[in-house]
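Enquirer: A single structure is presented below for examination.
Protein chains: 2
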Amino acid sequence: MDERVREHATVLVDWSARIDAGDDVVVSVGPAAHDLGVAVLEVLGERGANPVIINAATELQSAYLDAREREFDEDPAHELALYRNADSVLLLGGGRNTAELADVPGETRQEYRRSRAGIREARMDTDWVSTQHPTRSLAQQAGMSYRAYQDFVYGAVLRDWEALAGEMDRLKDVLDDGSEVRLIKAETDLTMAIEGRTAVNSAASVAYDSHNLPSGEVFTAPYATEGTVLFDVPMTIDGRRVQDVRLTFEDGEVVDWSAAQGEAVVTETVETDAGARRLGELGIGMNRGIDRVTDNILFDEKMGETVHLALGRAYDATLPEGETGNQSAVHVDMITDTSEDARMLVDDEVVQRNGRFRWEDGFEDA
Amino acid sequence: MDERVREHATVLVDWSARIDAGDDVVVSVGPAAHDLGVAVLEVLGERGANPVIINAATELQSAYLDAREREFDEDPAHELALYRNADSVLLLGGGRNTAELADVPGETRQEYRRSRAGIREARMDTDWVSTQHPTRSLAQQAGMSYRAYQDFVYGAVLRDWEALAGEMDRLKDVLDDGSEVRLIKAETDLTMAIEGRTAVNSAASVAYDSHNLPSGEVFTAPYATEGTVLFDVPMTIDGRRVQDVRLTFEDGEVVDWSAAQGEAVVTETVETDAGARRLGELGIGMNRGIDRVTDNILFDEKMGETVHLALGRAYDATLPEGETGNQSAVHVDMITDTSEDARMLVDDEVVQRNGRFRWEDGFEDA
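In the order they appear, the protein sequences are chains A and B. Numbering of the first sequence is given in this note's numbering, commencing with residue 1 and proceeding in unit increments. Numbering of the second sequence is given in this note's numbering, commencing with residue 367 and proceeding in unit increments.
What follows is the structure, given as structure tokens:
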């Protein structure tokens, strides 16, 4: 086995999920993430944790969803009990075919998600971490050879996370002190309130309220969104290609939308529930180890010199203790490139220009 | 997909597990049983059941067990809660390597089992059914080609179960009326009490208190075992070859044991706990569709003209309501061939001679 698989597992269990002896862990492993699964189970054995291993094969899920004829039951008791009693959840993504869910009607998928709000809540109340094993299917999605893709993934995952956390703290301080963010670029002039919200320094560890490995972004939960935005980084949502999404907001809600490709996905997303019309996240990618778009949201949204916004659910970590943010059954991220002809302002001061932050070399000339 | 995979799934869900709309089901799927998994999830979707899918890859389990250094925690809360809240559990066996657990020390496996007594109880309180997908690994274990092995498995699984249940009722009546079973063959003279026990007509359905697909045996829970027995059907226990096990019982307990091969497995089994020294099951194989030994207990023990005995745990279905039988963390079946030079007596009357039951043609001449 590639020694990097073992290192990935160790970073996941120790740095990201902070798993200790006696912890009750749910590990979700798909068929193509099997090698990472073996390495993670080994580390869990060494740490003295207690795993339940879920089979995350998308083919099994799509067979079920495709065949289901009646309404979905709400929060089945056995699954709810599993997650309510878990300390940590490790999601080892990486399938054999990223388009496997493409034939399941969007409506079915939305209904399924809506029926499982309690399970989702319970899972998000744990120390959950989502990561991905480099698979041939993801290499194909990225338009890369398998070997090059492995190097790309491990380059993004096996980092000095403490050092990156230090860099990201600078932007967090700016956002925590600010009350309004404005984003300006071609076809984009968007204003979002962030007053009273706390930015998350997403350093790929539950200790930082960060639940992705790799991570490397600073995010918060905006509200009162006004204006228009163009997402010019192409992506795949639920196995369907989406390109050049344009959203227009009034009083915090999407009132108009279009897309050069995949508009139906956007429509389904926006129409899922009331919360799906509002933003749940403003994220600023700061991981320059991720140096190319690979059509994979876990990586793309962390890429340096990009900004992403998510329709739907907000993460509670950005809100004052006890308060909950935007509620929705969905959380769909879309990305815009800020490396050229773009400015991000906080309270009317330019914080990032053409991809450079104001504390970085080259900001003045950018 | 082979149409028989889909038929297998339908028999499992409808005849065996009797799953209805709204049932909360745990489906355990290993990597080599994936195709059966897809078919089962499809049927569960049609029936309107709610699945949680467990990853049963033995490589994941052995990586964990191999690495574990400290004691196992008792009945981890999340796994216990999952099974306590499940209506049915479907175990889709069939791995990629039946010897995968061979390197995990027997002591580790026994400790792991002992630590999970509550989870096992909870699982057995559901409508659980264990079946197997025909895999290349199981074909290899059987010494058969993959195509021939598929025919063998589907021949055993896709049967007229109601007709077989009728045949088996005859033996059940004899056992229910009897108080003592005696087995006589080469190196074997064993007496077991069955007074007060109810035999189970194991017709591959929870409606018959039968939890294996295929099935085709009548079993009960004997006690007060006396004498000696030779198990001359070779088998594999936890990935290790076992041949010609000899057990001697006094006052219901094993007092002496040996084996031509794999004696260590027998020793580990017997020494697991107090209940592992007593019999938990006397089973009489009546499925003549299973016409050869394939070194696979799920099939071998159901084979016509064999008898099997299990050390360890008894199934409560054989006992009066509310009573529990022999308790143990193990249930290890061993098989003896009764097709030649063998007699089974119930209360001193011959019920089976050289494989023929007394109501069958050829009994007098056998």
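Glycine included, each C-beta is placed from N, C-alpha and C at the ideal position.
Select from B:Arg563, B:Gly388 and B:Ala505 the residue whose C-alpha is nearest the C-alpha of glutamate 689 (chain B).
Expert: In the second sequence, residue 689 (chain B) corresponds to position 323, counting from 1. For the residues B:Arg563, B:Gly388 and B:Ala505, the minimum Cα distance to glutamate 689 (chain B) belongs to B:Arg563.
Enquirer: Looking at alanine 423 (chain B) and isoleucine 385 (chain B), is the spacing between their C-beta atoms short of 8 Å?
Expert: What you label residue 385 (chain B) is simply residue 19 of the second sequence in a count that begins at 1. What you label residue 423 (chain B) is simply residue 57 of the second sequence in a count that begins at 1. Their beta carbons are not under 8 Å apart, which means isoleucine 385 (chain B) does not touch alanine 423 (chain B) by this criterion.
Enquirer: Within 8 Å (strictly less), CB to CB, does asparagine 451 (chain B) reach chain A?
Expert: Residue mapping note: residue 451 (chain B) aligns to position 85 of the second sequence, counting from 1. Chain A contact via Cβ: present.
Enquirer: Once you ignore the five residues that flank proline 417 (chain B) on each side, which residues in its own chain have a CB closer than 7 Å to its CB?
Expert: Taking the first residue of the second sequence as position 1, residue 417 (chain B) is located at position 51. The answer, listed in chain order, is Val391, Val393, Leu407 and Leu410.
Enquirer: Taking C-alpha atoms, which residue in A:Ala21, A:Val254 and A:Asn287 lies nearest to serine 88 (chain A)?
Expert: Indexing the first sequence from 1 puts residue 88 (chain A) at position 88. Out of A:Ala21, A:Val254 and A:Asn287, A:Ala21 has the C-alpha closest to the C-alpha of serine 88 (chain A).
Enquirer: Please classify serine 503 (chain B) as buried or exposed, where buried requires at least 16 other C-beta atoms within 10 Å of its C-beta.
Expert: Residue numbering aside, residue 503 (chain B) sits at position 137 when the second sequence is read from its first letter. Buried.
Enquirer: Taking Cβ positions, are valine 631 (chain B) and glycine 472 (chain B) nearer each other than 8 Å?
Expert: Counting from 1 along the second sequence, the entry for residue 631 (chain B) is found at position 265. Counting from 1 along the second sequence, the entry for residue 472 (chain B) is found at position 106. Yes, these two residues count as a Cβ contact at 8 Å.
Enquirer: In chain order, what residues of the stretch 380-391 of chain B put their CB closer than 7 Å to some CB of chain A?
Expert: Per Cβ criterion, the list reads Ala387, Gly388 and Asp390.
Enquirer: If you reduce the DSSP assignment to three classes, tell me which class phenylalanine 299 (chain A) lands in.
Expert: Your numbering for residue 299 (chain A) matches position 299 in the first sequence. Helix.
Enquirer: Measuring only between beta-carbons, confirm whether alanine 468 (chain B) sits less than 8 Å from chain A.
Expert: On the second sequence, position 102 is the one that residue 468 (chain B) refers to. So, not an interface residue.
Enquirer: Determine whether the beta carbon atoms of phenylalanine 299 (chain A) and alanine 156 (chain A) lie at a separation below 8 Å.
Expert: Along the first sequence, one-based indexing puts residue 299 (chain A) at 299. Along the first sequence, one-based indexing puts residue 156 (chain A) at 156. Cβ distance < 8 Å, so phenylalanine 299 (chain A) and alanine 156 (chain A) count as in contact.
Enquirer: Please say whether tryptophan 161 (chain A) and serine 130 (chain A) have beta carbons closer to each other than 8 Å?
Expert: Locating residue 130 (chain A) in the first sequence gives position 130, counting from the first residue. Locating residue 161 (chain A) in the first sequence gives position 161, counting from the first residue. No; because the gap between Cβ atoms is not below 8 Å, this pair is not in contact.
Enquirer: For a quick check, are the C-beta atoms of phenylalanine 729 (chain B) and leucine 648 (chain B) less than 8 Å apart?
Expert: Reading the second sequence from its first residue, position 363 is the one you call residue 729 (chain B). Reading the second sequence from its first residue, position 282 is the one you call residue 648 (chain B). Contact: no.
Enquirer: If we cut at 8 Å on Cβ distances, does aspartate 73 (chain A) have a partner in chain B?
Expert: Translated into the one-based positions of the first sequence, residue 73 (chain A) becomes position 73. Answer yes: the Cβ-Cβ gap between aspartate 73 (chain A) and chain B drops below 8 Å somewhere.
Enquirer: Given 8 Å as the limit, is there contact between the stretch 67-83 of chain A and the stretch 106-121 of chain A, that is, 3 or more CB pairs closer than that?
Expert: At 8 Å Cβ cutoff, the stretches touch.
Enquirer: Pick helix, strand or coil for valine 395 (chain B), following the three-state DSSP scheme.
Expert: For this step, residue 395 (chain B) is matched to residue 29 along the second sequence. Strand at valine 395 (chain B).
Enquirer: Is the CB of arginine 434 (chain B) under 8 Å away from at least one CB in chain A?
Expert: Numbered from its first residue, the second sequence carries residue 434 (chain B) at position 68. It does; some Cβ of chain A falls within 8 Å.
Enquirer: Where DSSP assigns a beta bridge to serine 258 (chain A), which residues make up the other side?
Expert: Position 258 of the first sequence, counted from the first residue, corresponds to residue 258 (chain A). In DSSP, serine 258 (chain A) forms a bridge with A:Arg246.
Enquirer: Please confirm if leucine 44 (chain A) has its CB atom under 8 Å from at least one CB of chain B.
Expert: For the purposes of this step, residue 44 (chain A) is taken as the residue at position 44 of the first sequence. Yes, because at least one Cβ of chain B sits closer than 8 Å to the Cβ of leucine 44 (chain A).
Enquirer: Terminal residues of the continuous beta strand (DSSP E) containing histidine 308 (chain A)?
Expert: The sequence position of residue 308 (chain A) within the first sequence is 308, counting from 1. Note, histidine 308 (chain A): beta strand (DSSP E), 306-312.
Enquirer: Tell me which same chain residues have a C-beta within less than 7 Å of the C-beta of glutamate 425 (chain B), skipping the five on either side of it?
Expert: Mapped onto the second sequence, residue 425 (chain B) falls at position 59. These residues qualify, in order along the chain: Glu466.
Enquirer: What are the residues that DSSP puts in a beta bridge with glutamate 476 (chain B)?
Expert: The residue you call residue 476 (chain B) lines up with position 110 of the second sequence. Residue 476 (chain B) is actually glutamine in this sequence, not glutamate. None; glutamine 476 (chain B) has no bridge partner.
Enquirer: Which ranges does the beta strand (DSSP E) cover as unbroken runs of at least 3 residues, wholly within the stretch 522-585 of chain B, from first to last along the chain?
Expert: Complete beta strand (DSSP E) runs here, min 3: 546-551, 554-559 and 566-568.
Enquirer: So, is methionine 601 (chain B) buried or exposed, given that buried needs 16 or more other C-beta atoms within 10 angstroms?
Expert: Residue 601 (chain B) sits at position 235 when you count from the first residue of the second sequence. That one is buried.
Enquirer: Mind listing which residues of the stretch 503-521 of chain B have their C-beta closer than 8 Å to chain A's C-betas, in chain order?
Expert: Hits within the stretch: zero.
Enquirer: By DSSP, does glutamate 445 (chain B) sit in helix, in strand, or in coil?
Expert: Counted from its first residue, the second sequence places residue 445 (chain B) at position 79. Of the three classes helix, strand and coil, the one that applies to glutamate 445 (chain B) here is helix, per DSSP.
Enquirer: Answer with yes or no whether the minimum CB distance from glutamate 111 (chain A) to chain B is below 8 Å.
Expert: Here residue 111 (chain A) refers to the residue found at position 111 of the first sequence. Judged by the 8 Å Cβ criterion, glutamate 111 (chain A) is not in contact with chain B.
Enquirer: How do the stretch 142-157 of chain A and the stretch 325-335 of chain A stand: do at least 3 beta-carbon pairs fall below 8 Å, yes or no?
Expert: Touching, no.
Enquirer: Alanine 625 (chain B) and aspartate 610 (chain B) - do their beta-carbons sit closer together than 8 Å?
Expert: Here residue 610 (chain B) corresponds to residue number 244 of the second sequence, with the count starting at 1. Here residue 625 (chain B) corresponds to residue number 259 of the second sequence, with the count starting at 1. Yes, the Cβ-Cβ distance between aspartate 610 (chain B) and alanine 625 (chain B) is below 8 Å.
Enquirer: Nearest to alanine 203 (chain A) by CA position, among A:Arg123, A:Arg6 and A:Ser16, is which residue?
Expert: For the purposes of this step, residue 203 (chain A) is taken as the residue at position 203 of the first sequence. The shortest C-alpha separation from alanine 203 (chain A) is found at A:Ser16.
Enquirer: Using the beta-carbon of each residue, which ones in chain B are nearer than 8 Å to valine 52 (chain A)?
Expert: Here residue 52 (chain A) refers to the residue found at position 52 of the first sequence. Result: Ile420, Pro442, His444, Glu445 and Leu448.
Enquirer: On the DSSP bridge list, what partners appear for glutamate 253 (chain A)?
Expert: Residue 253 (chain A) sits at position 253 when you count from the first residue of the first sequence. Looking at the DSSP assignment, glutamate 253 (chain A) forms a beta bridge with A:Glu250.
Enquirer: What residues are listed by DSSP as bridge partners for glutamine 352 (chain A)?
Expert: For this step, residue 352 (chain A) is matched to residue 352 along the first sequence. Answer by DSSP bridge pairing, in chain order: A:Met344 and A:Phe357.
Enquirer: Suppose you measure from the CA of tyrosine 449 (chain B) to the CA of alanine 9 (chain A); what does that come to, to the nearest Å?
Expert: The residue labelled residue 449 (chain B) in the question sits at position 83 within the second sequence. The residue labelled residue 9 (chain A) in the question sits at position 9 within the first sequence. Answer to the nearest angstrom: the Cα atoms are 28 Å apart.
Enquirer: Counting pairs of beta carbons, one from the stretch 699-719 of chain B and one from the stretch 661-676 of chain B, are three or more of them closer than 8 Å?
Expert: Flag = yes, the stretch 699-719 of chain B and the stretch 661-676 of chain B touch.
Enquirer: Expressed to the nearest angstrom, what Euclidean distance is found between the alpha-carbon atoms of glutamate 71 (chain A) and tyrosine 64 (chain A)?
Expert: Looking up residue 71 (chain A) in the first sequence gives position 71. Looking up residue 64 (chain A) in the first sequence gives position 64. Distance between the alpha carbons of glutamate 71 (chain A) and tyrosine 64 (chain A) is about 13 Å.
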